[in-house]
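Heads up: the sequence shown begins at 15 in full-length UniProt numbering, then just goes up one per residue.
Take a look at the structure set out below.
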Amino acid sequence: RILIVDFGSQVTQLIARRVRESGVYCEIVPFNKADEMLDTFEPKAIILSGGPASVTVETGPRASLRVFELGVPVLGICYGEQTMCVELGGKVEGSDHQEFGRASIEIVEECALFEGLMKVGDTEPVWMSHGDRVVALPEGFKVVAISRGAPFAAIADETRRFYGVQFHPEVMHTPRGRDMLWNFTHKIAGCSGDWTMAAFRETEIAKVRAQVGKGRVICGLSGGVDSSVVAVLLHEAIGDQLQCVFVDTGMMRAGEAEQVVSLFRNHYNIPLVHRDASDLFLGKLEGVSDPEKKRKIIGATFIDVFEEEARNIGGADFLAQGTLYPDVIESVSFTGGPSVTIKSHHNVGGLPERMNMKLVEPLRELFKDEVRELGRELGLPPDFVGRHPFPGPGLAIRIPGEITREKLEILRKADTVYLEEIRSAGLYDEIWQAFAVLLPVRTVGVMGDGRTYDYVCALRAVTSTDGMTADYYPFSHEFLGQVSTRIINEVRGINRVVYDVTSKPPGTIEWE
Ligand code: XMP
Numbered sequence: 015r016i017l018i019v020d021f022g023s024q025v026t027q028l029i030a031r032r033v034r035e036s037g038v039y040c041e042i043v044p045f046n047k048a049d050e051m052l053d054t055f056e057p058k059a060i061i062l063s064g065g066p067a068s069v070t071v072e073t074g075p076r077a078s079l080r081v082f083e084l085g086v087p088v089l090g091i092c093y094g095e096q097t098m099c100v101e102l103g104g105k106v107e108g109s110d111h112q113e114f115g116r117a118s119i120e121i122v123e124e125c126a127l128f129e130g131l132m133k134v135g136d137t138e139p140v141w142m143s144h145g146d147r148v149v150a151l152p153e154g155f156k157v158v159a160i161s162r163g164a165p166f167a168a169i170a171d172e173t174r175r176f177y178g179v180q181f182h183p184e185v186m187h188t189p190r191g192r193d194m195l196w197n198f199t200h201k202i203a204g205c206s207g208d209w210t211m212a213a214f215r216e217t218e219i220a221k222v223r224a225q226v227g228k229g230r231v232i233c234g235l236s237g238g239v240d241s242s243v244v245a246v247l248l249h250e251a252i253g254d255q256l257q258c259v260f261v262d263t264g265m266m267r268a269g270e271a272e273q274v275v276s277l278f279r280n281h282y283n284i285p286l287v288h289r290d291a292s293d294l295f296l297g298k299l300e301g302v303s304d305p306e307k308k309r310k311i312i313g314a315t316f317i318d319v320f321e322e323e324a325r326n327i328g329g330a331d332f333l334a335q336g337t338l339y340p341d342v343i344e345s346v347s348f349t350g351g352p353s354v355t356i357k358s359h360h361n362v363g364g365l366p367e368r369m370n371m372k373l374v375e376p377l378r379e380l381f382k383d384e385v386r387e388l389g390r391e392l393g394l395p396p397d398f399v400g401r402h403p404f405p406g407p408g409l410a411i412r413i414p415g416e417i418t419r420e421k422l423e424i425l426r427k428a429d430t431v432y433l434e435e436i437r438s439a440g441l442y443d444e445i446w447q448a449f450a451v452l453l454p455v456r457t458v459g460v461m462g463d464g465r466t467y468d469y470v471c472a473l474r475a476v477t478s479t480d481g482m483t484a485d486y487y488p489f490s491h492e493f494l495g496q497v498s499t500r501i502i503n504e505v506r507g508i509n510r511v512v513y514d515v516t517s518k519p520p521g522t523i524e525w526e
């Protein structure tokens with residue numbers, strides 16, 4: 015396995031994903047915690063990430079010198095290359111030749127990183143993003159590739175197996191970056207590439223059994239991929255010691271509750287309590303229009319109901335949660351200041367303390383796409399595994415302002431039509447998340463010979479990789495026209511449809 019030392023690059027997680035895609039397990043650690051990690055982790059190789067700092071600042075972040083003393087291969091990327099150089103006796107300077115974006119390198123020496131991919135004299139497109147550059151190499155290193163802005167675009171000390179690249183092999187815009195990383199992990203570091211989802215399933219099941227013993231585990235299902243995968247995996251590990259609870263908040267999409275109940279009860283034969291708490295939730299939300307208040311009420315009510323259901327089934331020792339690796343990675347912060355809360359995302363935080371339960375989090379080491387793969391491995395139906403994310407507060411945050419049963423009903427119908435059209439056009443898997451929003455605005459229309467005065471429906475569809483940034487999906491005008499016609503014809507209460515073309519930032523994905 016491989017350790018990635020993070021210097022705060024925006025794309026450190028991509029390095030981890032590329033490494034894992036090549037069948038090699040890896041973890042990310044902030045640079046200032048790497049030392050502790052080296053005692054226990056025993057990496058077969060280390061990758062130093064890029065980062066926003068400048069190594070020309072003496073007090074800037076550095077890799078622990080132990081990284082270079084372990085005798086394992088080290089690959090420095092961008093800032094990682096520069097700090098490696100400085101720490102081993104080379105020199106880095108600020109430069110007038112900043113390189114951002116597409117660039118091209120020329121191979122000038124053979125190097126294990128390029129083996130089987132490129133030979134001396136070849137040029138290769140890469141993605142660069144740096145201001146500083148290496149100007150003198152540490153002893154033992156040679157230049158193996160150059161670019162216009164970086165005479166040390168790639169460097170190597172093949173004896174010690176230390177490599178540095180100024181470009182970013184982890185991003186898509188470096189087409190053969192994936193293969194270079196493969197060379198590093200497999201050929202140079204000698205990893206075997208046997209980290210697969212089948213293997214993960216086995217080891218995780220063993221871990222869960224060891225952690226839980228004879229204890230009882232309770233798992234809240236939301237209808238989403240993460241909690242479903244957790245439930246199926248736990249059921250395989252501990253059978254009837256697992257109890258699942260599905261709380262219907264009344265703000266689910268059309269047919270959602272039925273789908274979850276039938277999948278778990280009928281398909282998997284997993285015991286499931288289905289609690290219809292819609293009256294309770296909607297009652298508490300009456301007259302509330304502030305989005306953060308709505309979220310808080312839903313979160314707190316969810317905890318109340320869940321706690322009650324847990325008591326009904328005799329309590330539990332553990333709470334299972336679908337925490338993913340991106341939630342666990344400690345981010346490297348150079349500003350140190352608290353970040354502003356844009357939206358308080360609802361989860362079941364607070365429950366374990368209140369109910370005195372320990373957590374079982376079998377997905378803590380996985381990225382979202384790996385969870386989907388694990389879901390497929392566990393036999394979850396493909397349309398379940400590929401589902402778009404759905405927020406905990408559900409349709410409540412897709413109806414700006416006050417929520418009523420009438421509005422929920424209208425929104426459910428419009429959302430169903432929209433997603434039907436997306437699916438039948440074969441676009442569902444290209445889109446990260448798509449949904450309808452019901453605006454609390456009525457506008458005038460004409461239908462037949464009569465005047466209408468009905469709600470506006472906004473359609474949203476975005477592409478994204480992690481929901482942190484997103485762009486609107488470029489539907490054809492014909493497609494949008496067709497969805498609009500169907501919604502207005504089929505959904506009473508809506509007489510106007512608009513499409514949201516805002517990216518994130520500055521917008522957010524949801525409207526509240
Ligand atoms: P935003 O709207 O913040 O959404 O751009 C990013 C992703 O998070 C989801 N989201 C939520 N998920 N509770 C959740 O569980 C929430 O309160 C919440 N708000 C937004 C949103 O659907 C998108 O996938």
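Positions of the beta carbon are idealized from the N, C-alpha and C atoms, including for glycine.
Contact test: residue i Cβ vs the ligand XMP heavy atom, cutoff 7 Å
{"i": "GLU522", "result": "It is worth fixing the name first, because residue 522 is Thr in this sequence and not Glu. Answer for THR522: yes, Cβ within range of the ligand XMP."}
{"i": "residue 527", "result": "Shown here, the chain extends from 15 to 526; a query on residue 527 therefore has no answer."}
{"i": "PRO57", "result": "no"}
{"i": "ARG309", "result": "yes"}
{"i": "PRO405", "result": "yes"}
{"i": "CYS447", "result": "For the record, residue 447 in the displayed sequence is Gln; it is not Cys. Flag set: Cβ of GLN447 near the ligand XMP."}
{"i": "LYS382", "result": "no"}
{"i": "ILE317", "result": "no"}
{"i": "residue 566", "result": "The first residue shown for the chain is 15 and the last is 526, placing residue 566 beyond what the model contains."}
{"i": "GLY481", "result": "yes"}
{"i": "LYS298", "result": "no"}
{"i": "LYS518", "result": "yes"}
{"i": "LYS201", "result": "no"}
{"i": "LYS357", "result": "yes"}
Presumed contact (8 Å Cβ cut-off) between residue i and residue j, rounded CB distance
{"i": "ARG412", "j": "VAL451", "result": "5 Å"}
{"i": "ALA324", "j": "VAL244", "result": "Rounded, the Cβ-Cβ distance is 16 Å, inconsistent with contact."}
{"i": "PHE21", "j": "VAL346", "result": "7 Å"}
{"i": "ALA170", "j": "PHE155", "result": "7 Å"}
{"i": "ALA48", "j": "VAL81", "result": "7 Å"}
{"i": "VAL246", "j": "VAL287", "result": "Not really, about 17 Å apart at Cβ, beyond 8 Å."}
{"i": "TRP446", "j": "SER478", "result": "4 Å"}
{"i": "ARG230", "j": "GLN255", "result": "5 Å"}
{"i": "MET265", "j": "LEU433", "result": "Contact doesn't hold; Cβ gap of about 16 Å is too wide."}
Straight-line gap, residue i to residue j (C-alpha atoms, nearest Å)
{"i": "GLU138", "j": "PHE181", "result": "11 Å"}
{"i": "ASP455", "j": "ILE508", "result": "Sequence check: residue 455 is Val here, not Asp. Going from the Cα of VAL455 to the Cα of ILE508 covers about 10 Å."}
{"i": "VAL43", "j": "LYS133", "result": "34 Å"}
{"i": "SER300", "j": "THR418", "result": "According to the sequence provided, residue 300 is Glu. The question's Ser does not apply to it. In a straight line, the C-alpha of GLU300 is about 8 Å away from that of THR418."}
{"i": "VAL275", "j": "ILE60", "result": "45 Å"}
{"i": "SER118", "j": "GLY74", "result": "29 Å"}
{"i": "ASP293", "j": "PHE320", "result": "15 Å"}
{"i": "ASP208", "j": "VAL38", "result": "7 Å"}
{"i": "VAL157", "j": "GLU123", "result": "7 Å"}
{"i": "GLN496", "j": "PHE449", "result": "16 Å"}
{"i": "THR263", "j": "LEU453", "result": "21 Å"}
{"i": "ARG31", "j": "GLY94", "result": "18 Å"}
{"i": "SER206", "j": "SER36", "result": "9 Å"}
{"i": "VAL100", "j": "SER68", "result": "11 Å"}
{"i": "ARG174", "j": "ASP146", "result": "25 Å"}
{"i": "residue 557", "j": "CYS471", "result": "Past the boundaries of the shown model lies residue 557; the chain is included only from 15 to 526, so the question cannot be answered."}
{"i": "SER241", "j": "THR26", "result": "26 Å"}
{"i": "PRO57", "j": "ARG500", "result": "57 Å"}
{"i": "PRO183", "j": "TRP196", "result": "10 Å"}
{"i": "LYS298", "j": "PRO414", "result": "16 Å"}
Where residue i falls, given that 16 or more other Cβ within 10 Å makes a residue buried
{"i": "PRO519", "result": "exposed"}
{"i": "VAL249", "result": "The question names Val, but residue 249 is His in the sequence shown. So HIS249 ends up on the buried side."}
{"i": "GLU469", "result": "One detail in the question is off: residue 469 reads as Tyr in this sequence, not Glu. Classification for TYR469: buried."}
{"i": "ALA159", "result": "buried"}
{"i": "ARG162", "result": "exposed"}
{"i": "THR337", "result": "buried"}
{"i": "LYS221", "result": "exposed"}
{"i": "GLY350", "result": "Bear in mind that a pLDDT of 47 at GLY350, under 50, signals an unreliable position, so the model cannot answer this."}
{"i": "TYR487", "result": "buried"}
{"i": "residue 527", "result": "The structure shown does not extend to residue 527, since the chain is modelled only from 15 to 526, so the question has no answer here."}
Check: residue i C-beta below 7 Å from any heavy atom of the ligand HEM
{"i": "LYS421", "result": "In terms of ligand content, the structure shown lacks the ligand HEM and carries the ligand XMP instead."}
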